[in-house]
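Visitor: Could you have a look at this structure, given as structure tokens, before my questions?
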Amino acid sequence: MLTTSEKKFSAFFTLIVIAELICGSFNELTIYHYITKPAIIGMLLVFFWKHSEHLDKRLRHLTITALIFSWIGDILLMFVEWHSVLFMFGLIAFLIAHGFYILLFLKHRNTNKNPLGFICLLLIYAFCLFYLLKDGLGDLLIPVIVYMAVILAMATTAFLRKGNVQRLSYQFVFLGAILFMMSDSLLALNKFYRPIAYSNVSIILTYALAQYFIIIGLLRLSQASR
Numbered sequence: 065m066l067t068t069s070e071k072k073f074s075a076f077f078t079l080i081v082i083a084e085l086i087c088g089s090f091n092e093l094t095i096y097h098y099i100t101k102p103a104i105i106g107m108l109l110v111f112f113w114k115h116s117e118h119l120d121k122r123l124r125h126l127t128i129t130a131l132i133f134s135w136i137g138d139i140l141l142m143f144v145e146w147h148s149v150l151f152m153f154g155l156i157a158f159l160i161a162h163g164f165y166i167l168l169f170l171k172h173r174n175t176n177k178n179p180l181g182f183i184c185l186l187l188i189y190a191f192c193l194f195y196l197l198k199d200g201l202g203d204l205l206i207p208v209i210v211y212m213a214v215i216l217a218m219a220t221t222a223f224l225r226k227g228n229v230q231r232l233s234y235q236f237v238f239l240g241a242i243l244f245m246m247s248d249s250l251l252a253l254n255k256f257y258r259p260i261a262y263s264n265v266s267i268i269l270t271y272a273l274a275q276y277f278i279i280i281g282l283l284r285l286s287q288a289s290r
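Counting in the numbering used here, the sequence shown runs from 65 upward without gaps.
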């Protein structure tokens with residue numbers, strides 16, 4: 065299922081994620097957290113850059129831009145304790161990253177695919193989540209609603225690739241999109257509803273896997289076109 069280079073990368077990527085989970089969980093290792101967390105997307109960015117030569121140039125540039133804004137968002141969210149406004153800037157960075165993923169996924173949209181049923185499921189999920197969050201959002205009510213709408217659109221466009229791309233590409237990217245939605249939901253619940261036990265572990269793990277599966281899925285397109 066994975067190429068030799070992907071297996072080697074996956075092993076190293078796993079070690080970095082584990083290192084981040086450890087460094088983010090113990091105060092005495094916090095200083096290393098400022099290295100391990102941005103390294104997650106940094107590694108994906110370098111790996112994608114080196115192994116995506118056969119992708120359509122626009123698709124490649126959209127992916128790289130999405131990863132860059134994700135990396136910026138990660139860095140901004142690491143310093144939220146310095147100033148609360150950094151959370152908003154981090155939100156904007158990830159909002160832009162999702163926007164580029166949407167443009168990217170739409171390039172392979174299956175126009176014969178009806179997303180109505182899937183959208184209904186997403187809306188039910190979103191309304192339940194919003195019900196839990198709404199009392200704690202305060203001034204961030206509108207930004208969070210906008211962000212929720214964008215990430216639901218990202219998941220929907222990932223779903224719409226079905227039948228128009230290689231099967232493994234669809235499965236990996238769609239799984240990544242769902243995990244991304246889960247990670248953002250956990251982050252929101254932990255911040256605006258109530259603290260979640262071991263939230264740093266669940267949020268980072270779902271986020272890292274989300275980005276990993278999206279990138280591996282997109283690289284399947286290059287392999288299919290060789």
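Beta carbons: idealized from backbone N, C-alpha and C, even for Gly. All values derive from a computational prediction rather than experimental measurement.
The alpha helix (DSSP H) that contains A83, what's its start and end?
Guide: Here residue 83 corresponds to residue number 19 of the sequence shown, with the count starting at 1. Taken as a continuous stretch (DSSP letters only), the alpha helix (DSSP H) holding A83 covers 68-87.
Visitor: Ignore the nearest five residues each way along the sequence and tell me which others in K222's own chain have a CB closer than 6 Å to its CB.
Guide: Here residue 222 is taken as the residue at index 158 of the sequence shown, counted from 1. It is worth fixing the name first, because residue 222 is Ala in this sequence and not Lys. Within the same chain, F169, V237, F238, A241 come within 6 Å of A222 by CB-CB distance, once the 5 residues on both sides are set aside.
Visitor: Measuring CB atoms only, is the region 204-222 touching the region 152-168, in the sense that at least three cross pairs come out at less than 8 Å?
Guide: yes
Visitor: Assuming contact is defined by CB atoms lying nearer than 8 Å, are S69 and H115 in contact in what I supplied?
Guide: As a position in the sequence shown, residue 69 is number 5, starting the count at 1. As a position in the sequence shown, residue 115 is number 51, starting the count at 1. Yes, the pair counts as a contact, with Cβ atoms nearer than the cut-off.
Visitor: Taking just the CA atoms, how far does F90 sit from Y320?
Guide: Given a span of 65 to 290 for the chain in the structure shown, any question on residue 320 remains unanswerable.
Visitor: Given a cut-off of 8 Å, decide if F277 and L243 are closer than it, judged by their beta-carbon atoms.
Guide: Indexing the sequence shown from 1 puts residue 243 at position 179. Indexing the sequence shown from 1 puts residue 277 at position 213. Yes, these two residues count as a Cβ contact at 8 Å.
Visitor: Between which two residues does the alpha helix (DSSP H) containing Q235 stretch?
Guide: Numbered from its first residue, the sequence shown carries residue 235 at position 171. Q235 -> alpha helix (DSSP H) spans 231-252.
Visitor: Find the nearest neighbour of C192 within the set G154, N264, A252, judged by alpha-carbon distance.
Guide: In the sequence shown, the residue the question calls residue 192 occupies position 128. C192 has its Cα closest to that of A252, out of G154, N264, A252.
Visitor: Quick test of your reading: G88 and K101, contact by CB under 8 Å. State the CB separation rounded to the nearest angstrom.
Guide: Counting from 1 along the sequence shown, the entry for residue 88 is found at position 24. Counting from 1 along the sequence shown, the entry for residue 101 is found at position 37. That pair is a contact at about 7 Å.
Visitor: Identify, in the order they occur along the chain, each residue of the same chain with its Cβ nearer than 8 Å to the Cβ of F73, setting aside the five sequence neighbours on each side.
Guide: Indexing the sequence shown from 1 puts residue 73 at position 9. Cβ-Cβ distances below 8 Å link F73 to M107, F111 in the same chain, with the five nearest sequence neighbours on each side left out; the list follows chain order.
Visitor: Quick check: what's the CA-CA separation for V144 versus G137?
Guide: Within the sequence shown, residue 144 is the residue found at index 80, counting from 1. Within the sequence shown, residue 137 is the residue found at index 73, counting from 1. Approximately 11 Å between the Cα atoms of the pair.
Visitor: Which runs of the alpha helix (DSSP H) fall wholly inside the region 105-146 and span at least 4 residues, in chain order?
Guide: 121-142
Visitor: Given this structure, state the Cα-to-Cα distance separating I132 from L109, to the nearest angstrom.
Guide: Taking the first residue of the sequence shown as 1, we reach residue 132 at position 68. Taking the first residue of the sequence shown as 1, we reach residue 109 at position 45. Across the structure, I132 and L109 are spaced so that their CA atoms are roughly 8 Å apart.
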